[in-house]
Amino acid sequence: MGPMFIRQVNRTEALSMSVMTVTDSTFQKDVIEASNQKLVVVEFSTKGKVNKRGEENASARMDTIFDGLEADYADKVTLVRAEIELDADLKDSLNPLMTTEYAINHGPTLVFLKQGKRVRGDLVGQQTKEQMVKELDELLISLPPSKFEFSAFVEKRIKQAALTLADGKISARDDVALGQLIVFLTLRRALLSKGVALDLGILDGINDSLQLLQLLQPRETFLGRLEP
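Oh and the sequence shown: position 87 is 85 in the working numbering, straight run, nothing missing.
So, in structure tokens, the structure goes:
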């Protein structure tokens, strides 16, 4: 029972960690609309997972690597998989609308989308985990966050600061947490277009500092840099 049981458990764990599978019918909602909120990476993977020698093919190996990224990037990137089955003319019969739209004729192929548009060239063939981490990290740095992503970040920091203040212990951390809470509540009101006069002063101070550091252009605001 030992070795067989271990193999079964490992397989169950691997399946439970798989990314979401999308099809032609769910692509608009799960990919295009989702890409308005954060970066979406679509792995076009062949339905068949073994080669003629009975070994795992490139899609099977890429599936394992792709699934392994989910835990580290779930909050920042939406990872999805679309299965394809190519005929002799490299035409797909499983999800032809998607594969025609993105000119997919090989599996695995990775497509990177934000706001419904490609943000870099496709990656064709198996990639290593190190290559994927490098690509994702570079893209996340280079792409401006969406309003949705920034709002989620603000809400997370408000909750963290509030929990620190609520633990009942008096320390220097309370002053830090209070300062953070003031700033992030200001940002929340600004994002909701409910800012007050004090908020405008705080936001102006942030913008002036970033302009001085040349991280913003003159008269540019950091909230204005957010994608819709």
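Even for Gly, the Cβ is constructed at its ideal location relative to N, Cα and C.
Check                                                                                                        : Outcome
At least 3 beta-carbon pairs within less than 8 Å: the segment 102 to 121 vs the segment 29 to 39            : yes
Contained alpha helix (DSSP H) runs [length at least 4] in the segment 45 to 108, N- to C-terminal order     : 56 to 71 and 94 to 99
CB contact check: GLN215 to chain D, cutoff 8 Å                                                              : In the displayed structure, chain D is absent; only one protein chain is listed.
Boundaries (first-last residue) of the alpha helix (DSSP H) holding ASP135                                   : 127 to 140
Sufficient close CB pairs (3 or more, under 8 Å) joining the segment 50 to 59 to the segment 126 to 133      : no
Counted within 10 angstroms of its Cβ, other Cβ atoms place VAL40 as buried (16 or more) or exposed          : buried
Which of helix, strand or coil DSSP assigns to LYS157                                                        : helix
Exposure label - LEU185; buried when at least 16 CB within 10 Å                                              : buried
Classification of GLU136 by the beta-carbon crowding that lies within 10 angstroms, buried from 16 upward    : exposed
Expected contact under 8 Å - CB spacing of PHE110 and LEU37 to nearest Å                                     : 7 Å
Close Cβ partners of GLU163 (< 8 Å) along its chain, the five nearest in sequence each way excluded          : Per the sequence shown, the amino acid found at residue 163 is Leu instead of Glu. Contacts found: ASP172, ALA175, LEU176 and LEU179.
Candidates LEU211, GLU153 and LEU121, of which the one nearest ALA188 by Cα                                  : GLU153
Where the alpha helix (DSSP H) through GLN209 begins and ends                                                : 195 to 210
Straight-line Cα distance separating PRO142 from GLY222                                                      : 10 Å
Short Cβ contact (8 Å threshold) for GLU83 with LYS47                                                        : no
Buried or exposed (CB count within 10 angstroms, at least 16 for buried), VAL7                               : With a pLDDT of 38 at VAL7, under the threshold of 50, the predicted position of this residue should be treated as unreliable, though the coordinate-derived value follows. Label assigned to VAL7: exposed.
Outcome for SER91 when other beta-carbon atoms lying within 10 angstroms are tallied against a minimum of 16 : exposed
8 Å Cβ cutoff met for ASN93 and ASP22                                                                        : yes
DSSP three-state assignment for ARG186, whether helix, strand or coil                                        : helix
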